Amino acid sequence: MADCNHDCGSCGENCEERENPGIQKAPMNKESNVKKVIGVVSGKGGVGKSSVTSMLAVAALRQGKKVAILDADITGPSIPKIFGITDKATGSDDRIVPAVTEGGIKIISLNMFLENDTDPVVWRGPMLGGVIQQFWSNVVWGDIDVMYVDMPPGTGDVALTVYQSLPVDGMVIVTSPQELVSMIVAKAVKMAEMMDIPVTAIVENMAYFRCPNCGMEHKIFGESHVAAQAEKFGIEHIASLPIDSDLAEACDKGTIEKYHSTPILKLAKEME
Ligand SMILES: Nc1ncnc2c1ncn2[C@@H]1O[C@H](COP(=O)(O)OP(=O)(O)OP(=O)(O)O)[C@@H](O)[C@H]1O
């Protein structure tokens with residue numbers, strides 16, 4: 048092409064030389080100014096990714112930031128419940144207004160579009176990918192210092208869409224102690240490398256249980272490997288979280304904004 052400057056990121060043409068043909072960053076909504084996007088990922092479901100996403104958002108809010116959460120865990124959206132949000136999305140197709148938590152965190156999740164939040168989402172990959180792009184381009188986010196994206200577990204279609212169409216600045220990997228010795232972290236790191244996104248932190252969730260009677264720490268899921276894994280993959284920040292029934296209760300009751308996690312607050316400060 049005559050005018051080609053070899054920068055596919057600034058060009059809309061799907062020419063033969065284009066890297067990743069057909070894949071372009073989704074445009075940010077005209078009424079949005081999102082300064083930083085952090086993806087929160089895990090190798091499998093149930094390790095506490097949504098809880099950690101929510102705690103990171105609350106920590107950023109306590110630091111005085113304007114915060115948003117884009118719930119990209121489309122088939123298992125749990126962010127609204129963790130914040131006690133039952134509102135449905137408002138606005139129009141191309142001007143969707145996010146829900147706002149008591150503390151002021153802006154949230155969008157597919158649950159807010161379902162008639163009943165127990166309805167299953169039985170769509171195929173391309174439709175799910177379209178939702179992610181709409182959540183970025185059609186939601187009126189306003190001024191946001193940091194947006195956390197609760198990613199779907201694993202390395203499937205939707206995760207790929209998030210990396211390819213959103214300007215993700217960094218990733219936080221959430222694992223359990225058992226997963227840290229497996230290939231799961233390596234896979235997540237590799238995917239991030241392929242997408243040219245830095246892995247900013249690893250959070251080892253459910254690392255230990257502190258006995259409320261004697262104060263002793265019990266490593267229910269085995270010894271911690273987080274420091275060794277972080278060093279192996281050159282990941283700068285780590286946090287270890289205990290098994291805590293207060294956290295489980297806060298997530299169940301939708302009161303996460305009242306929960307305090309010292310390791311997460313420390314991590315949020317380090318990641319600034
Ligand atoms: N450190 C913890 N202590 C106690 N309970 C926890 C802890 N972390 C998470 N949980 C609980 O475990 C359950 C699963 O957590 P969460 O929904 O955050 O996981 P997830 O990885 O996002 O799962 P999914 O991928 O299925 O959405 C929730 O009920 C949550 O309250």
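FYI, the numbering for the sequence shown is 48 to 319, going by this note's numbering.
The C-beta atom is built at its ideal place from N, Cα and C for all residues, glycine as well.
Bear in mind that the values here come from a model prediction, so they are computed numbers and not experimental data.
Here the stretch 98–108 makes contact with the stretch 293–310; the two share three or more CB pairs at distances below 8 Å. Pairing G86 with V215 gives a Cβ-Cβ distance under 7 Å. P74 sits exposed, since fewer than 16 C-beta atoms from the chains shown fall within 10 Å of its C-beta. Per DSSP, the beta bridge partners of K153 are A115 and V147. Beta-bridge annotation (DSSP): M218 is paired with G86 and V246.
Ligand 1 has a heavy atom closer than 6 Å to the beta-carbon of C298. Nearest Cα to G201 within the set I285, M238 and V250: M238. Around the beta-carbon of G90, 16 or more other beta-carbon atoms lie within 10 Å, marking it buried. A distance criterion of 6 Å places the beta-carbon of A248 beyond contact range of ligand 1, judged by its closest non-hydrogen atom. In the DSSP assignment, S79 falls within the beta strand (DSSP E) that extends over S79 to V81. At a threshold of 6 Å, P74 does not count as near ligand 1, since its beta carbon sits no closer than that to any of the ligand's heavy atoms. A distance below 7 Å between beta-carbons, with the five flanking residues on each side excluded, links Y195 to the following residues of its chain, in chain order: I85, V87, T100, L103, A104 and I116.
Exclusion of P259 from the 6 Å shell around ligand 1 follows from its C-beta lying no nearer than that to any non-hydrogen atom of the ligand.
For the pair of segments examined, the stretch 114–133 was found not to touch the stretch 244–253: the number of CB pairs separated by less than 8 Å stays below three.
As computed with DSSP, R142 is found in a beta bridge with S139. Here K112 is buried: its Cβ has 16 or more other Cβ atoms, across all protein chains shown, within 10 Å.
Taking 7 Å as the cut-off, the beta carbon of D204 is found no closer than this to the beta carbon of K82.
Going by beta carbons, P224 and F268 fall inside the 7 Å limit.
Residue environment for A233: exposed (fewer than 16 other C-beta atoms within 10 angstroms of its C-beta). Under the 10 Å beta carbon count, A315 is surrounded by 16 or more other beta carbons and is classified as buried.
In the three-state DSSP reduction, N252 falls in the strand class (E or B).
DSSP places M198 outside both helix and strand once states are collapsed to three, so it counts as coil. Your pair L108 and G150 checks out as a contact, with CB atoms roughly 5 Å apart and the cut at 8 Å. The set of residues with any CB-heavy atom separation to ligand 1 below 6 Å comprises, in chain order, S89, G92, G93, V94, G95, K96, S97, S98, D120, G123, S125, P200, N252, M253, L288, I290, D291, L294, A295 and C298.
A buried status is given to M218, since no fewer than 16 other beta-carbon atoms sit within 10 Å of its beta-carbon. A residue is called buried once 16 or more other Cβ atoms fall within 10 Å of its Cβ, and T309, having fewer, is exposed. Inclusion of F182 and I152 in the CB contact set at 7 Å is not warranted, their separation being larger than that value.
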